[in-house]
Amino acid sequence: MVTGAASGIGRAGALLFAAAGAAVVALDRAPEVEDTAAQIRAAGGRALALVRDASAEQDISGAVALTIKEYGALDVCFANAGISGGLVPFFEETVEHWMQVLNINLIGTFLAAKYAALAMVERKRGSIICTASVAGLRSGAGGMPYSASKAGVISLVQTAANQLSGTGVRINAICPGLIESGMTRPIFEQARARGSERKIGQLNPLRRPGNPGEIAQTALFLASDASSYVNGQAIAVDGGLSTSHPIVIKHEK
Ligand SMILES: NC(=O)c1ccc[n+]([C@@H]2O[C@H](COP(=O)([O-])OP(=O)(O)OC[C@H]3O[C@@H](n4cnc5c(N)ncnc54)[C@H](O)[C@@H]3O)[C@@H](O)[C@H]2O)c1
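Count along the sequence shown from 1, then add 3; that gives the number in the working numbering.
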């Protein structure tokens, strides 16, 4: 089951999981999630699209139940749906805006993790992967509620891994850096319009943005038995962005 599967990282994850042989339940509140499932089926895979709200408890519990009904079990949950919330200045932030961002990014991730884990513990196996962000590691990569929500996802993964002690169910987070997706499209479009595309991603040592497929590859690793001893971790996939404080590199290479 992949949430936020209509676009960006979630769609890339759903397609990659399917290519690796998984039957995929693609969930998103956007109807374009049907296209994700259609692409999987066109390639000969198995997929079901669900237009649902990832922050609504009944939608998530129902989606897990439907996954089990359709495919017999839930092996992997990629809890990935999220919104950026924009860059609202500190003193203009409101409770309503914080509630909206936390509700989708943090509570929604908690709901996916909870109902997925409930289904997985019976079988004593399963992998839950949550999309956090480098914004959850330190400031400078998103608005206040967004950054707090992603720090919350990292904490959720650490505490849930321990709450799931002895069950055989693993839970990890991925912390993407700057990835070209629906969420960041305005940044890329504005830079292209200004002719400054070359500057996008210049703050990381690889000096480029990432693409959703590069995050999906890490999700596939965490989904598979190749990561059988990786648990409770927040793995940055950011071109090296989070390894350094911001500095200007003087020498050109
Ligand atoms: N793009 C980046 O640079 C970047 C960096 C770090 C983390 N992330 C995280 O990656 C995840 C995926 O985002 P993306 O970059 O692919 O952006 P995206 O906008 O392309 O995809 C996000 C998807 O989540 C869906 N979604 C949002 N709220 C939902 C809800 N309540 N219920 C169901 N679906 C919902 C959207 O409809 C959309 O299809 C998010 O959690 C985001 O915070 C992105």
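We put the beta carbon where it would ideally sit given N, CA and C, even for glycine.
Source: prediction; values computed, not measured.
Status (buried if at least 16 other CB within 10 Å, exposed otherwise) for D228: With fewer than 16 other Cβ atoms from the protein chains shown falling within 10 Å of its own Cβ, D228 counts as exposed.
Residues near N214 in its chain [Cβ-Cβ closer than 7 Å; skip 5 each side]: Answer for N214: I182, E183, listed in chain order.
Identity of the residue in H248, A222, G242 nearest R14 by Cα: Closest by C-alpha distance to R14, out of H248, A222, G242, is A222.
Burial state of N46 (16 or more Cβ within 10 Å): The amino acid at residue 46 is misidentified as Asn; the sequence shows Ala. The residue in question, A46, is exposed, as its Cβ has fewer than 16 Cβ neighbours within 10 Å.
CA nearest to the CA of T70, picked from A29, R197, D241: When each option's Cα is compared against that of T70, the closest is A29.
Best match in I174, L53, S136, I110 for proximity to F81 [C-alpha to C-alpha]: Looking at the Cα atoms, I174 is the closest of the given residues.
Closest residue to A26 among V36, I177, S87, V5 (Cα-Cα distance): When each option's Cα is compared against that of A26, the closest is V5.
Terminal residues of the alpha helix (DSSP H) in which G65 lies: For G65, the uninterrupted alpha helix (DSSP H) segment begins and ends at 60–74.
Beta-carbon proximity check, G185 vs S58, cutoff 9 Å: Cβ atoms of G185 and S58: not closer than 9 Å.
Distance cut-off 8 Å: R44 Cβ against heavy atoms of ligand 1: No - ligand 1 has no heavy atom lying nearer than 8 Å to the Cβ of R44.
Any non-hydrogen atom of ligand 1 closer than 8 Å to C178 Cβ: At least one heavy atom of ligand 1 is nearer than 8 Å to the Cβ of C178, so yes.
Nearest-angstrom beta carbon gap, S130 and A226 [assumed within contact, 8 Å]: The Cβ separation is near 5 Å, so the contact holds.
Outcome for T97 when other beta-carbon atoms lying within 10 angstroms are tallied against a minimum of 16: Around the Cβ of T97, a 10 Å sphere holds fewer than 16 other Cβ atoms; the residue is exposed.
Buried versus exposed, by CB contacts within 10 Å (16 or more), Y118: Result: buried.
Nearest-angstrom Cβ-Cβ length linking G216 and R210, presumed shorter than 8 Å: 19 Å between Cβ atoms; not a contact.
Cα-Cα separation, M236 to A176: Residue 236 is actually Gln in this sequence, not Met. Taking the straight line joining both Cα atoms gives about 6 Å.
Cβ pair T39, A8 closer than 9 Å: Closer than 9 Å, so yes.
Cβ-heavy atom distance, P189 to ligand 1, below 8 Å: False, no ligand heavy atom lies under 8 Å from that Cβ.
Inter-residue Cα distance where the pair is E60 and V54: Approximately 14 Å, taken between the alpha carbons.
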